Amino acid sequence: MTKLLAAVLFLAVPASAVSAEPFSPKSYIKTVLDASPTMRQAEQTFKQAEYSYKSAVLDAALPSFTLNLSDTFYDNLDRNLRFKRDEVSSSLSASWNLYDSASSPLHKLKVAKKDFESARLVFLTVKQNEAVKALGRFYALYSAQRRIGTAKMNLASRERQYKDTNEQFQSGTRSHIEVTQSEGDKLASELSLAQAETAERKALMAFNELINAEPEAQQAVEISTKSAEIKLPLPKEDVAKALENNLGMRQQRLSLEKTRLSNRSGVLSKYPRFRVDAAWRKSALGLLGTPGGSGPGNPAYSLGASLNLPFGFLGAQNYLEVKSLEAALSSAELELENSVRALKTSVLSAQKDIELQVKSRQLLEFQVKAQSETIDNLLSEYSMGGASFLQLDSSQTKLLDSSNGQITAANDLDLALANYKVLLGEKIWE
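Numbering follows numbering that gives the first Met the number 0, with no gaps: position 262 of the sequence shown is 261.
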C-alpha cells in the first residue's frame with residue numbers, strides 16, 4: 000500500500016506538468032510579484048511619493064524663484080488694441096523663508112521625510128500582501144493535486160475490495176449485502192475522485208491567474224520533502240522583534256510621529272509667530288527685446304523679520320484649538336498603545352498555534368504510516384476471507400482521512416510559519 004500511495008501521488012500530477020520546471024513556493028512568489036498589476040501600481044505610487052519628497056526637499060531648502068512678463072493690450076489712456084515690446088515689463092524675484100517658529104524649513108523637511116518613509120512602508124505592505132496571497136494559491140494547488148492522489152489510492156483499494164467481495168460471494172463466503180455495500184463504497188470513491196479533480200481544476204485556474212498564464216495551463220508544484228526544523232517552544236523574544244519590525248506597527252509609529260510634528264506646528268501657530276525671510280527682485284530684464292536696465296533699487300533685496308500675534312476672543316479660541324490638538328495627539332498615542340497590546344497577543348497566539356500544528360503534523364504522519372500497513376494486512380486477509388468487511392471499510396476510511404489530514408497539516412503549518420514571519424516583519428518573498 001505504501002508503494003501504491005507513492006505511485007498514485009506521482010500520477011496525480013498530469014504528465015505535461017511533470018515535464019515542465021516545477022514551481023517552488025519562492026519561485027512562484029517571485030513570478031507572481033513580477034506579473035502583478037497591483038505591484039506595478041504600488042511601484043508607481045511609490046515613485047510618485049519619491050518625486051514629491053525630492054520636490055519638498057528643494058522647496059524647503061532652496062529659495063523659490065518667479066519670472067514675470069506682463070503687458071497691457073488695452074486701457075483707457077490708449078484705446079487701441081496693441082502690443083509693443085517697449086511697454087512689456089519683466090521681473091525676476093526670489094523669496095526664501097529662513098526661519099519660522101511654527102513651520103520652519105526644517106519642519107517641512109521632517110514632514111516630507113515622514114511622508115516618504117510612510118509611502119515606502121505602504122509599498123512593502125502591498126508586496127507582503129501579494130506574497131501571502133501567492134503562497135495561499137500555491138498551497139491550494141499543491142493540496143488539490145495531492146488529494147487526487149489520495150482519492151486514486153482510495154479508489155484502487157475499494158476496487159480491489161469490491162473484486163474480492165464478488166469473488167467470495169460467488170464462492171459463498173460473503174453475503175449479497177456486503178457486495179452491495181462494497182459497490183456503494185466504490186461508487187462513492189469514484190465521486191470523491193471526481194470532486195478532487197474538479198477542485199484541482201479550480202485551484203489551477205486561480206494559480207494561473209496570478210502569473211498571467213492560460214487558465215487551464217498545466218503546472219507542477221513541489222515543496223521540500225524535508226520537514227521544517229522548528230525549535231519549540233518559539234522564543235518569547237519574538238514579541239520584541241515583532242514590535243520593532245512589524246510593518247503595520249512601523250506605519251503606526253510613523254503616523255504618530257507625523258501627528259506630533261503637525262501637532263507641534265499647530266500649537267506654535269497659536270502663539271506669537273516669529274519669521275525671518277529673505278527676498279530679492281530685479282525688474283527690466285531686457286528679455287526678447289523688451290526694455291532693460293538697472294538703477295537705484297534695481298535689483299532690490301531685503302532681509303526682514305516679522306512677529307505675528309494671533310488670538311481669538313480674549314485668547315479663548317486659541318486655547319480651545321490647542322486643547323483640541325492635544326486631545327488628537329493623546330488619541331493617536333492611545334491607539335498605538337492598543338495596537339502594541341494586540342500585536343503581543345497575536346504573536347504569542349501564533350506561537351501556540353504553530354506548536355499545536357507541529358504536534359498534529361507528527362501525529363498524522365504516524366497515522367498514515369500505521370494505517371497504510373494495516374490496510375496492506377487487512378486486504379491480504381480479506382482476499383482470503385479472513386478480515387471482516389467492517390474492519391476493512393473502517394481502515395480504508397481512516398487512511399483516506401489521515402492522508403488528506405496530513406496534506407492539510409503540512410500546508411497549514413507552512414502557511415502559519417509564513418504568517419508568523421509577517422507578524423515579525425520579515426520579508427517572505429526573499
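Beta carbons are placed, not taken as given, at the ideal position from N, Cα and C, and that holds for glycine.
Keep in mind it's a predicted model, so treat the numbers as computed, not measured.
Whole-Å CB distance - residue i paired with residue j, under 8 Å assumed
i: L203; j: L140; result: 6 Å
i: L134; j: A417; result: 5 Å
i: I353; j: L233; result: 7 Å
i: V346; j: S401; result: Actually they do not touch by this definition, with Cβ atoms about 31 Å apart.
i: L286; j: L68; result: 7 Å
i: R259; j: L328; result: 6 Å
i: L209; j: A34; result: 7 Å
i: P271; j: N297; result: Actually they do not touch by this definition, with Cβ atoms about 35 Å apart.
Among the options, the one whose alpha carbon lies nearest that of residue i
i: S170; options: G384, F310, T407; result: G384
i: Y381; options: Q160, E182, A143, V125; result: Q160
i: N403; options: S338, A304, A60, R145; result: R145
i: A111; options: S88, V220, K257, E320; result: K257
i: K322; options: L287, A278, L267, S338; result: L267
i: S338; options: N376, K426, R249; result: R249
i: E129; options: V31, S100, V121, W95; result: V31
i: A59; options: P104, S100, E20, L80; result: P104
i: G424; options: S264, L120, N79; result: L120
i: L255; options: S393, D114, Q405, Q40; result: D114
i: R136; options: S181, Q218, R84; result: Q218
i: N376; options: S359, E364, L363, S394; result: S394
i: Y138; options: D411, Y419, E429; result: D411
i: A434; options: W95, S142, A315; result: With the chain covering 0 to 429 only, the question about residue 434 has no answer from this structure.
i: K281; options: P24, A212, L91; result: L91
i: P21; options: I222, A299, S89, R263; result: I222
i: L389; options: L333, Q180, K351; result: Q180
i: A41; options: G183, L66, H106, V125; result: V125
i: N211; options: Y419, L398, Y27; result: Y27
Close Cβ partners of residue i (< 7 Å) along its chain, the five nearest in sequence each way excluded
i: E167; result: Here residue 167 turns out to be Gln, not Glu, going by the sequence shown. Contacts found: R173, G384.
i: N165; result: V178
i: K269; result: P309, N317, E320, V321
i: E158; result: K185
i: P13; result: Bear in mind that the predicted position of P13 carries a pLDDT of just 47, short of 50, making it too unreliable to give a figure here.
With 16 other Cβ atoms within 10 Å as the buried cut-off, status of residue i
i: F206; result: buried
i: Q361; result: exposed
i: L422; result: buried
i: F64; result: exposed
i: S301; result: exposed
i: A341; result: exposed
i: A241; result: buried
i: K230; result: exposed
i: K53; result: exposed
i: I374; result: buried
i: P36; result: exposed
i: S264; result: buried
i: E228; result: exposed
i: Q127; result: buried
Proximal residues to residue i (C-beta, below 6 Å), its chain only, five neighbours per side dropped
i: S305; result: R274
i: A195; result: R146, I147, A150
i: S188; result: N153, L154, R157
i: L190; result: none
i: A408; result: S359, R360, L363
Beta-carbon proximity list for residue i, same chain, < 8 Å, skipping 5 on both sides
i: L123; result: L246, K426
i: E364; result: Q405
Please specify which runs of the alpha helix (DSSP H), each continuous and at least 4 residues long, are wholly inside the region 210-275, giving them in chain order. The qualifying runs are 237-244, 246-267.
Runs of beta strand (DSSP E) lying entirely within the region 35-116, each at least 3 residues, in chain order: Correct list: 63-69, 88-99.
Kindly provide the ranges of any beta strand (DSSP E) runs that are 3 or more residues long and lie completely inside the region 121-204, ordered along the chain. For the region 121-204, not a single whole beta strand (DSSP E) run of length 3 or above is found.
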